[in-house]
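2 protein chains.
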Amino acid sequence: MTHFTSPPSSFVTPPRQAAARPAASARAVSAPAFTPLYQQIKTLILQALGQGEWAPGVMIPSEAELAARFGVSQGTVRKAVDELASENLLVRLQGKGTFVASHNDPHAYYRFLRLRADAGETRETRSRALSCTSARADSAIAKALEQEEGAEVVTLTRILFFADDPVVYDEIALAADLFGQLTLERLAAQEERSLYSFFERSFGVRMIRAEERLRAVAARKDVADHLGFEAGSPLLLIDRISRTYAERPVEWRRSFCRTDAYHYFNELS
Amino acid sequence: MTHFTSPPSSFVTPPRQAAARPAASARAVSAPAFTPLYQQIKTLILQALGQGEWAPGVMIPSEAELAARFGVSQGTVRKAVDELASENLLVRLQGKGTFVASHNDPHAYYRFLRLRADAGETRETRSRALSCTSARADSAIAKALEQEEGAEVVTLTRILFFADDPVVYDEIALAADLFGQLTLERLAAQEERSLYSFFERSFGVRMIRAEERLRAVAARKDVADHLGFEAGSPLLLIDRISRTYAERPVEWRRSFCRTDAYHYFNELS
DNA sequence: CAGTGGTCTAGACCACACT
DNA sequence: GTGTGGTCTAGACCACTGA
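These protein sequence lines map, in sequence, to chains R and Y.
Numbering of the first sequence is given in my numbering, commencing with residue 1 and proceeding in unit increments.
Numbering of the second sequence is given in my numbering, commencing with residue 1001 and proceeding in unit increments.
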């Protein structure tokens, strides 16, 4: 399909203005706006990803194939894929192909872990699950997961160690429809690099985005005990909401972090 | 200049492989690698920015002009400008032109401020400078600013208010060669939206990147007093190093933040 | 070698903002 | 209307990977 002269294909229907624009009387404000072809392609690829057409870690079709499939030029596919790659949903490897991003990729092991040791490069982490139960969402968790208060969630707690040093205590709540089969046994048995690798491989849920809100708090007694810290000492509290495809929130997490020899690193630009 | 057939121009000298690659014996590992044209263009634009050829906020030449100036196609310039825009060094405005990013732009007022009120959208901030003196860099500040220990720096302290609520206490150290003329009077007199707007307009120094390291600490007595807080209460400590062009670090900053009704917001992807 | 992504060009036309 | 950036195409060739 060419952008200018060919009839719209059944796959992609670029809203050519004359026909696509609603009558002026139908919309008072805010023009319908023009959606570029590459954006539509991006949406189509996103849908394929969301529907699991391509599993995490596998190669997606080549640019030429995608161009043929969607009836656009390779350059247009390229722009769509470029954006998805810059959003960390795809990974391009020259000479090899384009792959679905996965938390099992070595480069992504610590994609969501901003905590670092003050000295040394070591991020040898290990976790110990403490509990895993079914529970009812309180108002904060329900709101975060966009569910009704009292909805069923799976909750778990764990400790994260940096080189055998207990540094983070996590309280996690997961959407029950996706993680209903999670048990402490399965958590203890898994040997993945990160919880998200485990979720991805065992539950087919890929976390693609997250928001964090950080605060300084005084350590609760139980948390302090887990971290070998004194109650009342300052801890970094991180509330995180993680989302999968289509922006669906599926994890709420509250982390308590020791920052006596560790810090949260962030780059601004 | 065409990529394939024309001789190299004096502006851009793409390292064509046959001639440019050093003899195998000269390098043991790690090939010299190929540098794309658009990368070279990007570097040239970056140099022009660093040398102040275009002031912050002004429009840079159109893509067609830049293409002519550098002897490449418009598409190549476009790719270079695209990347600089995605790094927040340039701002593209369809129909208007491409502009040098500035901390005076409304959309950039809070570019480096990740602190938000828990409730409400208001980020009406105001600051009060407390002190401004010349000092010697201690080892931490010297290291951050890539100077010798004991080098002269300008130090200042201030309080940042959110809607008349004192929320952040800042200790700031600045490279003396750039900010030697800064005084408490000038700080008190300035009415810019942010310190970086002020630095940009009055000292010609544009902050383009920063790194932050966050920790939870117990409030020092003096800091607590400034924030109307109790000494020993948990505060969020943020160490920031800000850089101008060519990655040069020019500001070290330590912020103590109340997080009782505010939080540090971050997005992960 | 073939297949992948990566670069570069040239040209046409669209969307948007001014004047 | 003119000028700006934005989209799209078609085609050529380069760089890298792995069989």
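Backbone N, C-alpha and C fix where the C-beta goes; we use that ideal spot for every residue, glycine too.
Through-space distance from residue j to residue i, alpha-carbon basis
i, j, result
"residue 117 (chain R)", "residue 1241 (chain Y)", "18 Å"
"residue 1156 (chain Y)", "residue 1112 (chain Y)", "18 Å"
"residue 102 (chain R)", "residue 254 (chain R)", "23 Å"
"residue 168 (chain R)", "residue 1202 (chain Y)", "44 Å"
"residue 1300 (chain Y)", "residue 1087 (chain Y)", "With chain Y running from 1001 to 1269 in the structure shown, residue 1300 (chain Y) is simply not present."
"residue 1243 (chain Y)", "residue 1250 (chain Y)", "6 Å"
"residue 210 (chain R)", "residue 239 (chain R)", "10 Å"
"residue 43 (chain R)", "residue 92 (chain R)", "18 Å"
"residue 1180 (chain Y)", "residue 1173 (chain Y)", "11 Å"
"residue 1094 (chain Y)", "residue 35 (chain R)", "15 Å"
"residue 213 (chain R)", "residue 1259 (chain Y)", "10 Å"
"residue 154 (chain R)", "residue 90 (chain R)", "29 Å"
"residue 1104 (chain Y)", "residue 1121 (chain Y)", "20 Å"
"residue 1166 (chain Y)", "residue 47 (chain R)", "47 Å"
"residue 52 (chain R)", "residue 45 (chain R)", "11 Å"
"residue 225 (chain R)", "residue 1247 (chain Y)", "42 Å"
"residue 83 (chain R)", "residue 208 (chain R)", "14 Å"
"residue 9 (chain R)", "residue 33 (chain R)", "Low per-residue confidence applies at residue 9 (chain R): pLDDT is 38, beneath 50, and the placement is therefore not dependable enough to give any value."
"residue 272 (chain R)", "residue 68 (chain R)", "Any property of residue 272 (chain R) remains undetermined from this structure, which presents chain R solely from 1 to 269."
"residue 199 (chain R)", "residue 1061 (chain Y)", "50 Å"
"residue 1261 (chain Y)", "residue 1230 (chain Y)", "15 Å"
Inter-residue CB distance, residue i and residue j (contact presumed, cutoff 8 Å)
i, j, result
"residue 38 (chain R)", "residue 80 (chain R)", "5 Å"
"residue 1204 (chain Y)", "residue 1218 (chain Y)", "Their Cβ separation, rounded to whole angstroms, is 39 Å, which puts residue 1204 (chain Y) and residue 1218 (chain Y) out of contact at 8 Å."
"residue 1264 (chain Y)", "residue 1236 (chain Y)", "6 Å"
"residue 1135 (chain Y)", "residue 1149 (chain Y)", "That belief does not hold up - the Cβ atoms of residue 1135 (chain Y) and residue 1149 (chain Y) are roughly 12 Å apart, past 8 Å."
"residue 1159 (chain Y)", "residue 1127 (chain Y)", "7 Å"
"residue 1245 (chain Y)", "residue 1057 (chain Y)", "Actually they are not in contact, since the Cβ atoms of residue 1245 (chain Y) and residue 1057 (chain Y) sit about 16 Å apart, beyond 8 Å."
"residue 1129 (chain Y)", "residue 1184 (chain Y)", "6 Å"
"residue 1124 (chain Y)", "residue 1163 (chain Y)", "5 Å"
"residue 1176 (chain Y)", "residue 1152 (chain Y)", "4 Å"
"residue 140 (chain R)", "residue 100 (chain R)", "No, residue 140 (chain R) and residue 100 (chain R) are not in contact; Cβ-Cβ is about 32 Å, not under 8 Å."
C-beta neighbour in chain Y for residue i, strict 8 Å
i, result
"residue 166 (chain R)", "no"
"residue 255 (chain R)", "no"
"residue 269 (chain R)", "yes"
"residue 264 (chain R)", "yes"
"residue 101 (chain R)", "no"
"residue 229 (chain R)", "no"
"residue 106 (chain R)", "no"
"residue 209 (chain R)", "yes"
"residue 112 (chain R)", "yes"
Contact with chain R by residue i, beta-carbon distance below 8 Å
i, result
"residue 1153 (chain Y)", "no"
"residue 1078 (chain Y)", "no"
"residue 1212 (chain Y)", "yes"
"residue 1199 (chain Y)", "no"
"residue 1030 (chain Y)", "The pLDDT assigned to residue 1030 (chain Y) is 48, lower than 50, so where the model puts this residue is not dependable, and the model offers no usable value."
"residue 1217 (chain Y)", "yes"
"residue 1235 (chain Y)", "yes"
"residue 1087 (chain Y)", "yes"
"residue 1248 (chain Y)", "no"
"residue 1259 (chain Y)", "yes"
For residue i, the residue or residues it bridges with in DSSP
i, result
"residue 1266 (chain Y)", "R:212"
"residue 1098 (chain Y)", "Y:1092"
"residue 1133 (chain Y)", "Y:1155"
"residue 139 (chain R)", "Its beta-bridge partners do not exist; DSSP assigns none."
"residue 1116 (chain Y)", "Y:1263"
Return the chain-ordered ranges of every alpha helix (DSSP H) run that is complete within the stretch 1159 to 1189 of chain Y and spans a minimum of 4 residues. Fully enclosed alpha helix (DSSP H) runs of 4 or longer: 1176 to 1179 and 1184 to 1189.
What beta strand (DSSP E) runs, 3 residues minimum, are completely inside the stretch 1231 to 1265 of chain Y? 1234 to 1243 and 1249 to 1257
Let me know the alpha helix (DSSP H) ranges lying completely inside the stretch 25 to 64 of chain R, each 4 residues or longer, listed in chain order. 37 to 50
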